[in-house]
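Residue numbers (my numbering): 5 to 259.
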């Protein structure tokens with residue numbers, strides 16, 4: 005049974021996060037473009053990591069605050085984006101005043117919280133009336149690239165999930181539409197984004213898997229299964245392999 009909070013994994017990967025493949029950097033660019041915040045927008049990025057959304061938002065002239073439960077991630081974020089107000093903070097207990105922001109973002113975060121509903125409620129609280137909360141969900145690409153390896157990766161993780169201890173891995177299933185409605189958000193819409201990233205070979209793919217949240221799954225496997233998964237993953241990418249990931253944004257408005 006996994007007993008440590010999710011942010012402990014991100015403490016261990018802070019130095020390699022997005023260094024192997026620029027996965028989250030590319031997603032951050034796509035998400036901010038989809039949101040299209042105006043210059044001067046008061047924005048809070050929750051679970052900001054090393055700043056995948058922070059950088060693009062700053063370049064658009066937003067006034068950005070960013071929080072993450074991992075001190076190591078926040079240290080890297082501060083070094084790379086000193087213009088942002090970056091703090092170590094629990095997304096379920098935000099130390100900001102009511103109505104402090106016009107936009108709150110949470111990319112690949114809400115499903116990792118112990119209490120996703122509380123995280124959504126906190127986002128609602130710190131938004132000004134009319135403000136938007138945007139969170140990501142995963143989806144299959146509409147037009148899969150012929151060399152995309154995501155289906156093979158998903159199948160590999162599904163197969164090896166049988167070897168996890170009870171509650172192993174990280175994250176939980178959520179119903180995002182219901183979550184937003186229960187928090188009080190209205191006019192929920194979905195904006196679609198997608199990234200395609202080249203994968204040079206199987207060793208890079210394995211190193212990438214260890215550089216973000218997948219690591220929690222891998223670490224929770226028995227040692228012999230972990231080695232088996234490494235060997236199996238190394239042969240997944242063929243010539244021209246890419247990771248293709250659709251990342252729809254669910255956006256709710258505070259009345």
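Built from N, CA and C at the ideal position, the CB exists for glycine as well.
Contact check, residue i vs residue j, beta carbons under 8 Å
i           : j           : result
residue 36  : residue 60  : yes
residue 140 : residue 49  : no
residue 221 : residue 157 : no
residue 282 : residue 149 : Shown here, the chain extends from 5 to 259; a query on residue 282 therefore has no answer.
residue 258 : residue 180 : no
residue 103 : residue 92  : no
residue 189 : residue 233 : no
residue 219 : residue 17  : yes
residue 114 : residue 124 : yes
residue 151 : residue 242 : yes
Own chain partners of residue i with C-beta closer than 8 Å, once the 5 adjacent residues on each side are dropped
i           : result
residue 121 : 183, 186 and 187
residue 136 : 39, 106, 107, 108, 255, 256, 257 and 258
residue 197 : 31, 34, 35, 37, 38, 250, 251, 252 and 253
residue 118 : 9 and 96
residue 240 : 153, 156, 157, 160, 206 and 209
residue 128 : 137, 187, 188, 189 and 258
residue 130 : 48, 98, 100, 101, 102, 103, 104, 105 and 108
residue 168 : 221, 224 and 225
residue 191 : 256 and 257
Residue i versus residue j: straight-line alpha-carbon distance, rounded
i           : j           : result
residue 19  : residue 80  : 8 Å
residue 209 : residue 235 : 11 Å
residue 88  : residue 228 : 43 Å
residue 170 : residue 70  : 33 Å
residue 44  : residue 101 : 18 Å
residue 244 : residue 25  : 15 Å
residue 116 : residue 204 : 29 Å
residue 84  : residue 42  : 22 Å
residue 142 : residue 12  : 23 Å
residue 64  : residue 166 : 45 Å
residue 111 : residue 15  : 18 Å
residue 248 : residue 145 : 7 Å
residue 94  : residue 27  : 24 Å
Environment of residue i [buried if 16+ CB atoms lie within 10 Å]
i           : result
residue 5   : For residue 5, the predicted model reports a pLDDT of 42, less than 50, meaning its position is unreliable; a value from the coordinates is still stated below. Exposed: under 16 other Cβ atoms inside 10 Å.
residue 200 : exposed
residue 97  : exposed
residue 54  : buried
residue 73  : buried
residue 215 : buried
residue 62  : buried
residue 52  : buried
residue 126 : buried
residue 147 : exposed
Close-in-space but distant-in-sequence residues of the same chain around residue i (CB under 6 Å, 5 per side omitted)
i           : result
residue 29  : 22 and 56
residue 33  : 60
residue 90  : 70, 78, 81 and 82
residue 202 : 246
residue 66  : 41, 45 and 47
Contacts around residue i, its chain only, beta-carbon distance under 7 Å, and the 5 residues preceding and following it disregarded
i           : result
residue 161 : 221
residue 193 : 255
residue 237 : 160, 206, 209, 210 and 213
residue 58  : 49, 52, 68, 70, 81, 85 and 88
residue 176 : 115
residue 178 : 114, 115 and 120
Identity of the residues DSSP links to residue i by a beta bridge
i           : result
residue 194 : 254
residue 247 : 201
residue 91  : 71
residue 224 : Answer is none; residue 224 lacks a bridge partner.
residue 109 : 49 and 138
residue 131 : 105
residue 152 : 246
residue 144 : Per DSSP, none; premise fails for residue 144.
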